[in-house]
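Counting in our numbering, the sequence shown runs from 90 upward without gaps. All residues carry an ideal CB built from backbone N, CA and C; glycine is no exception. Contents: one structure, followed by commentary.
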Amino acid sequence: MMKKKSIPASKPFLILFLCQIISALDVPLDSKLLEELSQPPTITHQSPKDYIVDPRENIVIQCEAKGKPPPSFSWTRNGTHFDIDKDEQVTMKPNSGTLVINIMNGRKAEAYEGVYQCTARNERGAAISNNIVIRPSRSPLWTKEKLEPNQVREGDSLVLHCRPPVGLPPPIIFWMDNAFQRLPQSERVSQGLNGDLYFSNVQPEDTREDYICYARFNHTQTIQQKQPISVKVFSTKPVTERQPVLLTPTGSTSTKVELRGNVLLLECIAAGLPTPVIRWIKEGGELPANRTFFENFKKTLKIIDVSEADSGNYRCIARNTLGSVDHVISVTVKAAPYWITAPRNLVLSPGEDGTLICRANGNPKPSISWLANGVPIAIAPEDPSRKVDGDTIIFSHVQERSSAVYQCNASNEYGYLLANAFVNVLAEPPRILTPANKLYQVIADSPALLDCAYFGSPKPEIEWFKGVKGSILRGNEYVFHDNGTLEIPVAQKDSTGTYTCVARNELGKIQNEVHLEIKDPTMIIKQPEYKVVQRYGQVSFECIIKHDSTLLPTVIWLKDNDELPDDERFLVGKDNLTIMNVTDKDDGTYTCIVNTTLDSVSASAVLTVVAAPPTPAIIYARPNPPFDLELTGQLERSIQLSWIPGEENNSPITHFIIEYEDGLHEPGVWHYQTEVPGTQTTVQLKLSPYVNYSFRVIAVNKIGRSQPSEPSEQYLTKSASPDENPANVQGIGSEPDNLVITWESLKGFQSNGPGLQYKVSWRQKDVDDEWTSVIVANVSKYIVSGTPTFVPYEIKVQALNDLGYAPEPSEVIGHSGEDLPMVAPGNVQVHVINSTLAKVHWDPVPLKSVRGHLQGYKVYYWKVQSLSRRSRRHVEKKILTFRGNKTFGMLPGLEPYSSYKLNVRVVNGKGEGPASPDKVFKTPEGVPSSPSFLKITNPTLDSLTLEWGSPTHPNGVLTSYILKFQPINNTHELGPLVEIRIPANESSLILKNLNYSTRYKFYFNAQTSVGSGSQITEEAVTIMDEVQPLYPRIRNVTTAAAETYANISWEYEGPEHANFYVEYGVAGSKEDWKKEIVNGSRSFFVLKGLTPGTAYKVRVGAEGLSGFRSSEDVFETGPAMASRQVDIATQGWFIGLMCAVALLILILLIVCFIRRNKGGKYPVKEKEDAHADPEIQPMKEDDGTFGEYSDAEDHKPLKKGSRTPSDRTVKKEDSDDSLVDYGEGVNGQFNEDGSFIGQYSGKKEKEPAEGNESSEAPSPVNAMNSFV
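This is how it looks when you write it as structure tokens:
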């Protein structure tokens, strides 16, 4: 029994150290910077490990390296120093380690065979190359031999041996004749992997004297030829048939070892008559899909990129009609070392920590050894900062002398891997790599990114300033990236200016200036619009733009997202596109695209081209359905369908659609089969097994689709094994100990026959397990129980029915069920960026502890208390989810000057793992919110009292309040600004020594040590005297009077949106004032219904301002005047005429009523019975008129809402305008509302005597309307 290896007491600290992420410096890929920084050597190019050279050419052994300072080179040969200075044939290229060995002057390449290794060294370490084995290629001649002619009986087997000379590398073999033509090969005659030519049985045509084996040596580009071999076949009657016998390999079993990643070639060649057929299988498994190939007429099995899973027994079976023979080849796949984690270069600052990890795998397991600067680490100089632990070197508190190049060697019996990785400890002052005075141009309201690429060791701190003497940039309006970039998320016009980036570490400080310009966005102020144009007409699209004056726009027009056609009919103007002589092809979407160097905008419009009305009109319609369907040429998998088209109806048939019905599985459901051009009336249709087919045809033209044709006769196809396997095979566990395999079941017609079932197979991936299979009924799910938690499985589902199996299905990878994660993230760190934003870091948990698909990490954080108020409140936890294997995240929306806690949990598909220990962090102070209120009370002649409430969110300790105020004159111009600082513990203030009767505007905000918060504003007025303030006021009241009305106007000074009213009465009377409301905020009003020749008093007031009115004004209406207009309605002859007309209408109505009651006694009776009598139709709800006899226009005055309001106020629709502006005062001849409409309109509701409107008698027109 194997003993468990215990961990020494010193190891726990080491394991804990390795669990932490060690961050190293990132060196920017800046060529100038890389040239200046010191760097250990790195091998950049070297010759292959096994280097076969041409003995006729000079030997060049590559070794190139880089470093700072440039490295020097040296070589070893066969493990000892190779002094190139002592061999005049060997030279080294300048500034390189590449060796050139001159063998052109008579020296032999064999003299330089051996194992070479290159070392590149500078003051920071030494890197070494692989062991390069140099061997010259060899192409020896064939040994001379006497070849006897081969006499063979017809039907016997024959092997022609090639036996090529042993070369380096091995030659390529092929057989040809004297005419240099390749000999034909087949299942009967073929060349084996060893180069021999095998005849499973010879035929008389095989007789010839020029079977020649050729060997081609690629390195030397030479071809060697074997002596011709003669074969003579003699016939015997009859030819005896023979069962198969293996020619190669011999026996019943053999073995084969191959390396991982190589190509596995297995060969079986058999003799027999008839010629045997070869078949390959893998015992206990399947041949790997996508990597298996058959060559040499299936006599050679080829599997590419083999892995350990390909180990096993492979059986070849040779069969003919007389029998079979088989052979089992046991394949073992070994593996030379291959990388799991190759060591990577480390760049560290003095005092930092880091690790080099070297992990490799192989079969057998490779051993790991470390070297330092090319010397085994056990005998290398001691370094107190270095500690070796198996495949890991741990560095702690490194110094500049710790710089070195380390080599990791992983080796087993099949090969080795060698990797160089340096540790470079740098102490460098800051450098800024962004060019000085770089100009950035950005569109307004877009993000602006200002670069400050930097490098330094230790890592510098970055700060940004705006302007030459500006303060450091802080606040939520900026985002500071780790790479030094300053982001302004929403750049405004005032963002324009010079920005300074400062980088500093303990070794120095450097700064750089960049410039930002904000440009106006490009806009399309007149976009193209949808157009409909007749064919051969003309159309134009507009595209008028507005852009920043410093940017040069370019306008491009597209049609259907492609370039405009190359046609002179398309005319592109400065701000439009015109299309002349429009055709149907011009139909589509036209897009105007405006581009500048900074932005791009576009707008589109659709053009629809219609035909001019045809003369005479042609009726277009859908085609008639096809008919006379006929099935011919019935086969198992195909049939021919023909039909006769129906009428086209003036629109040619473009295509036919063929549909089918499966009467066996889905009767009554029609499915799309195919479609053919409209000129074709016959189609060959592919069929599926076990389907009862019926077909129908649909014709299609530009108008639409025809009705389907009548179905064809039915045709039932024979059953067969399935052609396809289920799709969407998945393996997802629903519980930690199961695997749920699901798939999409085949549809009825896909089953190809009765008895549809599924063979479900699974095995654990990367484990040498056999497939487990089960056959289930026609379902779509199978559950495998008792599985390990979250391990990968290979899954396949194969369909079968009563006639056999479907083709071999492809494999998919699934996973057994997930379980909750076991481990909480460690090393949780919080970096507070500003008062509302923090960044949290954590170490990722080991993937094995996730026990499922890693979905991400959740950060739970909550506010514990506010540092300014010390009052706890209900804890509301917030959650942020970070997808994937992310190890940091931002926490936005924090409250300033508060204490927070957080923890981190890993999440998989099952749920969340345990929480990390709570981490406490505090946010710094921020600027406060605005004061909760500002009230201004107690106005006097020269003082105002201000009261306020503290900010709702102080966001820190309040230091003071800032009050600013300034006077406002009558034209709303602002006076000088006065600022007062108020202690934070105050809540009121009396401002004295103010100007009387003056409006002031106040700006009030609170401050913390960080800065000022948002301000609150208010206005107030000092009073004119102790009784009434000066503002607001109404003055300059004027009147313009006529006979029965007067136009009142005034001037107003005060707050906007005042509601006015007019009060009036008879001058000298003690009666109450009459009040009229003014609609809106107008400064005039028309008083109506006044008594002619009467003196009136008037004044104007404002609603809501108690006691606020203008001074009184007195006016007198004009005297009553005789009417110059004769009222036709009062003339006797007109009254008599109207009475006669009314009497006649009444008689006609009585006659109609009598005749209607008689019923059926006049010829029109039948028509009235057939058509509803319009006179008995219901009344319309909106105007109360009868059916079609109503006159909507005449009855409009009778509708609701057209009456005078009951509150006797003048509606906005009535005219309040003064006629003095348009007429001649008291001599004007117009009615009071400025028109004659009142005399001829419908009936109006009678007003009371004291109203503004005089009442009128009904007009004769109204009298006639009342009869209708």
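Around the CB of Cys251, 16 or more other CB atoms lie within 10 Å, so the residue is classed as buried. The alpha-carbon of Leu926 is positioned some 44 Å away from that of Leu828.
In the DSSP assignment, Val939 falls outside any beta strand (DSSP E) and within the unbroken alpha helix (DSSP H) covering Leu936 to Val939. Around the CB of Arg520, 16 or more other CB atoms lie within 10 Å, so the residue is classed as buried. For Ile1051 against Arg1070, the beta-carbon gap comes to about 6 Å, under 8 Å, which counts as contact. Residue pairing of Tyr287 in beta bridges, as defined by DSSP: Val248 and Ser279.
Taken through DSSP and simplified to helix, strand or coil, Met612 comes out as strand. Here Arg433 is exposed: its Cβ has fewer than 16 other Cβ atoms, across all protein chains shown, within 10 Å. Here Glu965 is not near Gly941, since their CB atoms are 8 Å or more apart. If you draw a 10 Å sphere on the C-beta of Trp1162, you find fewer than 16 other C-beta atoms in it, and that means exposed. Unbroken beta strand (DSSP E) runs of no fewer than 3 residues, entirely contained in the segment 800–873, are found at 816–821, 827–833, 846–853 and 861–865, following chain order.
Buried is the label assigned to Ile551, since at least 16 other Cβ atoms lie within 10 Å of its Cβ. Shown here, Tyr749 sits in a strand according to DSSP, grouped into three states. For Cys207, the enclosing beta strand (DSSP E) has its first and last residue at Gly203 to Asn211.
A check of alpha carbon separations from Glu1205 across Lys1186, Phe1223 and Ala1191 identifies Lys1186 as the nearest. Per DSSP, reduced to three states, the secondary structure at Cys497 is strand. Exclusion of the five residues before and after Val886 leaves Asn814, Pro815, Val818, Ile830, Trp832, Tyr847, Lys848, Val849, Ser850 and Pro898 as the residues of its chain whose Cβ lies within less than 8 Å of its Cβ. For the set Lys999, Val366 and Tyr1141, the Cα lying nearest the Cα of Ser823 is the one of Lys999.
Taking 8 Å as the cut-off, the Cβ atoms of Pro455 and Ser500 count as close. Following the DSSP letters along the chain, one finds Arg408 inside the beta strand (DSSP E) bounded by residues Gly401 to Asn409. With a 10 Å radius around the Cβ and a threshold of 16 neighbouring Cβ atoms, Leu390 comes out buried.
Here Phe838 is buried, its C-beta having at least 16 other C-beta atoms within 10 Å.
Non-local C-beta neighbours of Met193 in its own chain, meaning closer than 7 Å and more than five positions away in sequence, comprise Asn147, ordered along the chain. The beta carbon of Trp759 sits closer than 6 Å to those of Glu748 and Glu750, all from its chain and outside the five residues before and after it, given in chain order. Excluding the 5 residues flanking it on each side, Gly504 has same chain C-beta neighbours closer than 7 Å at Ala425 and Pro426, in chain order.
Between Thr1111 and the set Val1099, Pro333, Ile1137 and Asn1084, the nearest pair of CA atoms involves Asn1084. CA-to-CA, the gap between Phe323 and Val422 works out to about 46 Å. As DSSP reads the structure, Thr444 sits in a beta bridge with Ile483. Excluding sequence positions up to five before and after Pro1013, its CB lies within less than 6 Å of the CB of Ser924, all in the same chain and listed in chain order. In the displayed model, Phe971 falls within a strand according to three-state DSSP. When DSSP assignments are scanned along the segment 1081–1116, the uninterrupted stretches of beta strand (DSSP E) that are 3 or more residues long and fall wholly within it turn out to be 1088–1096 and 1105–1110. As the crow flies, the alpha-carbon of Glu1075 is around 21 Å from that of Glu1108. Counting along the chain, the unbroken beta strand (DSSP E) around Tyr1153 starts and ends at Phe1149 to Val1155. Assigned with DSSP and collapsed to three states, Lys233 falls in coil, not helix or strand. Close CB contacts of Val789 within its chain, under the 6 Å cut and outside five residues either way in sequence, are with Thr743 and His744 (chain order). Residues Asn781 of the same chain have their beta carbon placed closer than 6 Å to that of Leu805, with the five preceding and five following residues left out of the count.
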